[in-house]
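So the structure is just underneath, and the comments pick up after that.
In the numbering used here, the protein residues as written are 40 to 312.
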């Protein structure tokens, strides 16, 4: 069973493939010095071949001149169909176009810049859907203090995962180097967040810690933990031997305490008469 003409692979036409000079002369838009070596020929269809030439234009490194030629059946006269530039495997190309919303990166927003939020942002939901603390939310909404929109469940989960995997989570180098007991959740400077994030995140309030004023995970850590204590090391003191100086005699005056009998009175007999 034979395959159809459309299904079978195109065969390279030898007449068109050998017309290298014709293809080169077909590039009339640039100077001949901007056309490099012939790189090969590709069969595009029956008696339809594209010749590739190296491009020497400044700023087009890795690009190729492509010239498509053809001929009519039973004729050896080759005709140029079109010429164009094609990027090669190592061509220098501009990055793919992205909408400005997708091009923004953390840190791009500067002083005075405005970043509009899309009405259908998946990270936000109407404020009345927030229910971390129903009593507080109901009261604030009645007083007109409710926000128009708050973070959705998906937005909070995305934020929590980003924080946890970032420089303020348990895998950060400073947390890995800290002692196992020096975790933020047990630190006195750890200020837990309110709401659904309370169990996992808080803000560091230690002036000397590198994460001061930043949200950190409860299992993050550093060397500025409030319970980090250095054991006091006692410096041993050599005990000197006791030295007695018996080379001199020191006279000491001893005063007698007054007794019940006056020393001037005659002594009483002891009765041994």
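Backbone N, C-alpha and C define an ideal beta-carbon position, used for all residues, glycine too.
On a predicted model such as this, the values are computed, not experimentally measured, just so you know.
Residue i (DSSP reduced to helix, strand or coil)
i, result
"residue 203", "helix"
"residue 190", "strand"
"residue 55", "helix"
"residue 71", "helix"
"residue 141", "helix"
"residue 197", "helix"
"residue 158", "coil"
"residue 267", "coil"
"residue 48", "coil"
"residue 127", "coil"
"residue 294", "coil"
"residue 62", "helix"
"residue 260", "strand"
"residue 183", "Annotation note: pLDDT 49 at residue 183 (below 50); position unreliable, coordinate value reported separately. Residue 183 falls in the coil class under three-state DSSP."
"residue 275", "coil"
Assumed close pair residue i, residue j - CB separation to whole angstroms, cut-off 8 Å
i, j, result
"residue 218", "residue 259", "About 13 Å separates the two Cβ atoms, so there is no contact after all."
"residue 318", "residue 82", "A question about residue 318 goes unanswered here, because the residues of the chain that appear run from 40 up to 312."
"residue 191", "residue 159", "11 Å between Cβ atoms; not a contact."
"residue 223", "residue 256", "7 Å"
"residue 254", "residue 242", "6 Å"
"residue 244", "residue 251", "7 Å"
"residue 113", "residue 55", "The Cβ separation is near 14 Å, so there is no contact."
"residue 102", "residue 126", "6 Å"
"residue 186", "residue 164", "Actually they are not in contact, since the Cβ atoms of residue 186 and residue 164 sit about 11 Å apart, beyond 8 Å."
"residue 95", "residue 72", "7 Å"
Residue environment, residue i, which counts as buried when at least 16 other CB atoms sit within 10 Å
i, result
"residue 143", "exposed"
"residue 123", "exposed"
"residue 48", "exposed"
"residue 221", "buried"
"residue 65", "buried"
"residue 104", "buried"
"residue 117", "buried"
"residue 135", "exposed"
"residue 9", "Residue numbering for the chain in the displayed model covers 40 to 312; residue 9 lies beyond these limits and cannot be assessed."
"residue 150", "exposed"
"residue 237", "exposed"
"residue 89", "buried"
"residue 115", "exposed"
"residue 58", "buried"
"residue 294", "exposed"
"residue 74", "buried"
"residue 215", "exposed"
"residue 246", "exposed"
"residue 211", "buried"
"residue 86", "buried"
"residue 202", "buried"
"residue 97", "exposed"
"residue 106", "buried"
"residue 283", "exposed"
"residue 62", "buried"
"residue 290", "exposed"
"residue 80", "buried"
Identified DSSP bridge partners for residue i
i, result
"residue 251", "243"
"residue 84", "87"
"residue 165", "188"
"residue 136", "None, per the DSSP bridge assignment."
"residue 77", "92"
"residue 121", "107"
Distance cut-off 7 Å: residue i Cβ against heavy atoms of the ligand FMN
i, result
"residue 293", "In terms of ligand content, the structure shown is empty, and the ligand FMN therefore cannot be addressed."
Segments of 4+ residues assigned as alpha helix (DSSP H) that fall wholly inside the stretch 208 to 238: If we require 4 residues or more, the alpha helix (DSSP H) runs fully inside the stretch 208 to 238 come out as 212 to 216.
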